Amino acid sequence: MSNDNPARNTKVMNRFDLTSRLIAKLKHEEAVIGGIGNTNFDLWAAGHRPQNFYMLGSMGLAFPIALGVALAQPDRRVFALEGDGSLLMQLGSLSTIATLAPKNLTMVVMDNGIYQITGAQPTPGAAVADLVAIAVASGLTHSSWAADEDDFERLIEESMSAVGPTLIGVRIDDKPGIGTTRRDPVQIRERFMHGMGVREPL
Amino acid sequence: MAVAEEKTSPQTAEKSWHGIVLQTLKRNDIRLVPYVPDRVLTPLIKNLHADPYFTTFATAREEEAVGIVSGAWMGGMRSAVLMQTSGFATLANVLASLAIPYQIPLIMFVSERGTLGEFNYGQSLVCRTMRPVLDSLAMEHHTATRLDEFEFIVDRSIKQALTTQAPVALILSPLLTGGKVFDK
Numbered sequence: 072m073s074n075d076n077p078a079r080n081t082k083v084m085n086r087f088d089l090t091s092r093l094i095a096k097l098k099h100e101e102a103v104i105g106g107i108g109n110t111n112f113d114l115w116a117a118g119h120r121p122q123n124f125y126m127l128g129s130m131g132l133a134f135p136i137a138l139g140v141a142l143a144q145p146d147r148r149v150f151a152l153e154g155d156g157s158l159l160m161q162l163g164s165l166s167t168i169a170t171l172a173p174k175n176l177t178m179v180v181m182d183n184g185i186y187q188i189t190g191a192q193p194t195p196g197a198a199v200a201d202l203v204a205i206a207v208a209s210g211l212t213h214s215s216w217a218a219d220e221d222d223f224e225r226l227i228e229e230s231m232s233a234v235g236p237t238l239i240g241v242r243i244d245d246k247p248g249i250g251t252t253r254r255d256p257v258q259i260r261e262r263f264m265h266g267m268g269v270r271e272p273l
Numbered sequence: 394m395a396v397a398e399e400k401t402s403p404q405t406a407e408k409s410w411h412g413i414v415l416q417t418l419k420r421n422d423i424r425l426v427p428y429v430p431d432r433v434l435t436p437l438i439k440n441l442h443a444d445p446y447f448t449t450f451a452t453a454r455e456e457e458a459v460g461i462v463s464g465a466w467m468g469g470m471r472s473a474v475l476m477q478t479s480g481f482a483t484l485a486n487v488l489a490s491l492a493i494p495y496q497i498p499l500i501m502f503v504s505e506r507g508t509l510g511e512f513n514y515g516q517s518l519v520c521r522t523m524r525p526v527l528d529s530l531a532m533e534h535h536t537a538t539r540l541d542e543f544e545f546i547v548d549r550s551i552k553q554a555l556t557t558q559a560p561v562a563l564i565l566s567p568l569l570t571g572g573k574v575f576d577k
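Quick note, the sequences are listed as chains A and B, same order. The numbering used here runs 71 ahead of the 1-based position in the first sequence. The numbering used here runs 393 ahead of the 1-based position in the second sequence.
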């Protein structure tokens, strides 16, 4: 399990707590893309905003979806929250993002080393892979592990004025998500488009 | 160089299948075109890169491209994805869990391999999965075989995808593009 990896000295934090800390910092209608499962459940539980997008499938696509939003709206800050298992499905997207280098994109990897929602099985990378090192090697040079909650908040703030995309790795515990997203994809998408200023409600 | 030739003779390019795609994308304000490349798509990809109107780039996987254009659509930017038949075969999950249920007007151009002179058995097998997948999801799809119908099919399909908020697959037959033939 990743939490036993001796190479790491980062604090084990909590997904809901970190997500709440992020949301509390958002004052400019920033977009937040929540990856499949617990990642978007905790985003939902942290307080629904029209600028939140919740994935109900398509595991691994939180960063690509966020990249699309970031390209479409270069003046808006876009955050993406993704689990370690999800990111392992789409490691190639890190290189794509590094190549396009949108400066308005901040990615957060919630790493507990397990597929919590399916029964806490360890991911194939849990014992050996360092996702932040993979991100750096993919060309995302502004990538780092958050040492603790204060460091996470500092890295989030730093990313808001960064000259390129930022990736923040956080080690988290094995707790499930706090809430459950309402599984209504059309309403989620429509509300998000209202939140992005693309559409007016009917 | 092929690109330079096409740039100096825009009329010829416009009457080719790839010229029609490029011009029809432009007319419909589609600026973002991620792709996983295919030999047949090469002239289209080259001309998209050469035209500053477009933001076009390679992705590592086709579903990554679908994620990107879904986000772009929700952010107010129109897009289309280019791929090959075998790439389409990797998309069933993202079509069923993102594009269709979230009502994303995903516009896909699929260069058809696996038929009309295919030399790789795996390509011909994977090609046979494409239309059953599209039909099982009740997705709009057209196979373009003739240049004289092509602009109509592309333009109307783009407009229908956007207005009905539903994905569409435009399959580019070797009858239209010439396809890829055994050369080595």
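Even glycine gets a Cβ: it sits at the ideal position worked out from N, Cα and C. Only a predicted model underlies this, so the values are computations on that prediction, with no experimental measurement involved.
- Task: Scan the segment 72-148 of chain A and note each continuous beta strand (DSSP E) run of 3 residues or more that stays entirely inside, going in chain order.
- Result: For the segment 72-148 of chain A, whole beta strand (DSSP E) runs of length 3 or above, ordered along the chain, are 102-105, 123-125.
- Message: Short of 8 Å in beta carbon distance, which residues of its chain neighbour I413 (chain B), apart from the five on each side in sequence? Order them along the chain.
- Response: Excluding its 5 nearest sequence neighbours in each direction, I413 (chain B) has C-beta neighbours in its own chain below 8 Å: E407, L540, F543, E544, V547, listed in chain order.
- Message: Output needed for F575 (chain B): all residues of its chain with C-beta closer than 6 Å, excluding positions within five of it in sequence on either side, in chain order.
- Response: Once the five neighbours on either side are set aside, the close Cβ partners of F575 (chain B) are F512.
- Three-pair Cβ contact test at 8 Å for the segment 439-454 of chain B versus the segment 524-531 of chain B: As far as the Cβ criterion goes, the segment 439-454 of chain B does not touch the segment 524-531 of chain B, which means the pair count is below three.
- Query: Expressed to the nearest angstrom, what Euclidean distance is found between the alpha-carbon atoms of L425 (chain B) and V462 (chain B)?
  - Reply: One C-alpha to the other measures close to 8 Å.
- Task: Under 8 Å between beta-carbons, which chain A residues line up against F584 (chain B)? List them in chain order, please.
- Result: Residue numbering for chain B in the displayed model covers 394 to 577; residue 584 (chain B) lies beyond these limits and cannot be assessed.
- CA-CA distance, D182 (chain A) and S129 (chain A)? So the alpha carbons of these two residues sit roughly 19 Å apart.
- Chain-ordered residues of the segment 140-168 of chain A with a beta carbon less than 7 Å from chain B: Near chain B, meaning a CB-to-CB distance below 7 Å, the residues of the segment 140-168 of chain A are V140, L142, A143, Q144, Q161, G163, S164, S166, T167.
- Query: At a cut of 8 Å, does the segment 478-494 of chain B reach the segment 148-166 of chain A through at least three beta carbon pairs?
  - Reply: With contact defined as three or more Cβ pairs closer than 8 Å, the segment 478-494 of chain B and the segment 148-166 of chain A are not in contact.
- Task: Check whether the Cβ of P193 (chain A) lies closer than 8 Å to any Cβ atom in chain B.
- Result: Closer than 8 Å: no.
- For the 8 Å Cβ check, are there 3 or more pairs between the segment 184-193 of chain A and the segment 202-216 of chain A? Counting Cβ pairs under 8 Å, fewer than three are found: no touch.
- Query: Pairing CB atoms from the segment 430-443 of chain B with CB atoms from the segment 564-573 of chain B, are three or more of them under 8 Å?
  - Reply: By the Cβ test, the segment 430-443 of chain B is in contact with the segment 564-573 of chain B, since at least three Cβ pairs between them sit closer than 8 Å.
- Continuous beta strand (DSSP E) stretch holding T536 (chain B): start and end: The continuous beta strand (DSSP E) containing T536 (chain B) extends over residues 533-537.
- Given that V199 (chain A) touches chain B, what residues does it touch there, using C-beta distances under 8 Å? Simply none; closest approach about 21 Å.
- Task: Take K82 (chain A) and list the residues in its own chain whose beta-carbon comes closer than 6 Å to its own, dropping the five residues that flank it on each side.
- Result: Result list for K82 (chain A): D219, in chain order.
- Query: From N175 (chain A) to G139 (chain A), what does the alpha carbon distance come to, in whole angstroms?
  - Reply: If you take the alpha carbons of N175 (chain A) and G139 (chain A), they lie about 11 Å apart.
- Task: Inspect the beta-carbon positions of A143 (chain A) and G469 (chain B) and report whether they are closer than 8 Å.
- Result: Cβ atoms of A143 (chain A) and G469 (chain B): closer than 8 Å.
- Within the 8 Å Cβ cut-off, does P272 (chain A) reach chain B? Answer no: the Cβ-Cβ gap between P272 (chain A) and chain B never drops below 8 Å.
- Rounded to a whole number of angstroms, what is the C-alpha to C-alpha distance between I94 (chain A) and H119 (chain A)? Taking the straight line joining both Cα atoms gives about 10 Å.
- Could you name the residues of chain B that R260 (chain A) contacts, counting a contact when the two beta carbons are closer than 7 Å? Around R260 (chain A), the beta-carbon contacts reaching into chain B at under 7 Å are M467, Y495, Q496.
- Message: Relative to the C-alpha of V561 (chain B), which candidate in B:T538, B:G572, B:A531 has its C-alpha closest?
- Response: Ranked by Cα distance from V561 (chain B), the first of B:T538, B:G572, B:A531 is B:A531.
- Message: Here's a check: name, in chain order, each residue in its chain whose Cβ is nearer than 6 Å to the Cβ of W466 (chain B), leaving out the five neighbours to either side.
- Response: So the list reads I497, once near-sequence residues are dropped.
- List the whole-angstrom C-beta distance separating W216 (chain A) from G196 (chain A), where the pair is believed to meet the contact cut-off of C-beta under 8 Å. Actually they do not touch by this definition, with Cβ atoms about 15 Å apart.
- Task: Please confirm if A554 (chain B) has its CB atom under 8 Å from at least one CB of chain A.
- Result: No, because no Cβ of chain A sits closer than 8 Å to the Cβ of A554 (chain B).
- Can you name the start and end residues of the alpha helix (DSSP H) that Q258 (chain A) belongs to? Taken as a continuous stretch (DSSP letters only), the alpha helix (DSSP H) holding Q258 (chain A) covers 256-266.
- Task: List the DSSP bridge partners of L491 (chain B).
- Result: In DSSP, L491 (chain B) forms no bridge with anything.
- Just reading off the alpha helix (DSSP H) that Y514 (chain B) is part of, what are its end residues? For Y514 (chain B), the enclosing alpha helix (DSSP H) starts and ends at 514-529.
- What are the start and end residues of each continuous beta strand (DSSP E) run of 3 or more residues lying completely inside the segment 143-218 of chain A, in chain order? Within the segment 143-218 of chain A, the complete beta strand (DSSP E) runs of at least 3 residues fall at 149-154, 176-182, 214-216.
- Item | Reduced DSSP category for I564 (chain B) - H, G, I as helix; E, B as strand; rest coil | In this structure, DSSP gives I564 (chain B) an extended state, which the three-state scheme calls strand.
- Cutoff 6 Å; reference G480 (chain B); Cβ partners in own chain excluding five residues on either side: Residues V429, E455 of the same chain have their beta carbon placed closer than 6 Å to that of G480 (chain B), with the five preceding and five following residues left out of the count.
- Query: Looking at the unbroken beta strand (DSSP E) that takes in F502 (chain B), where does it start and where does it end?
  - Reply: Counting along the chain, the unbroken beta strand (DSSP E) around F502 (chain B) starts and ends at 500-504.
- Query: When we look at the beta-carbon of P403 (chain B) and count the other beta-carbons within 10 Å, is it buried (16 or more) or exposed?
  - Reply: The pLDDT assigned to P403 (chain B) is 49, lower than 50, so where the model puts this residue is not dependable, and the model offers no usable value.
- Can you tell me which of the three DSSP states A443 (chain B) falls into? Collapsing the DSSP output to three states places A443 (chain B) in a helix.
- Give me the Cα-Cα distance between V396 (chain B) and D255 (chain A), rounded to the nearest whole angstrom. Unreliable positioning characterises V396 (chain B) in this predicted model, as indicated by a pLDDT of 43, which lies under 50. A coordinate reading is not provided.
- Message: As a quick exercise: from A:T194, A:M126, A:M178, A:R148, pick the residue whose alpha carbon is nearest that of D245 (chain A).
- Response: Closest option to D245 (chain A), judged by alpha-carbon separation, among A:T194, A:M126, A:M178, A:R148: A:T194.
- Message: For a contact defined as C-beta to C-beta under 7 Å, what are the partners of M178 (chain A) on chain C?
- Response: No chain C appears in the structure shown, which is made up of the protein chains A and B.
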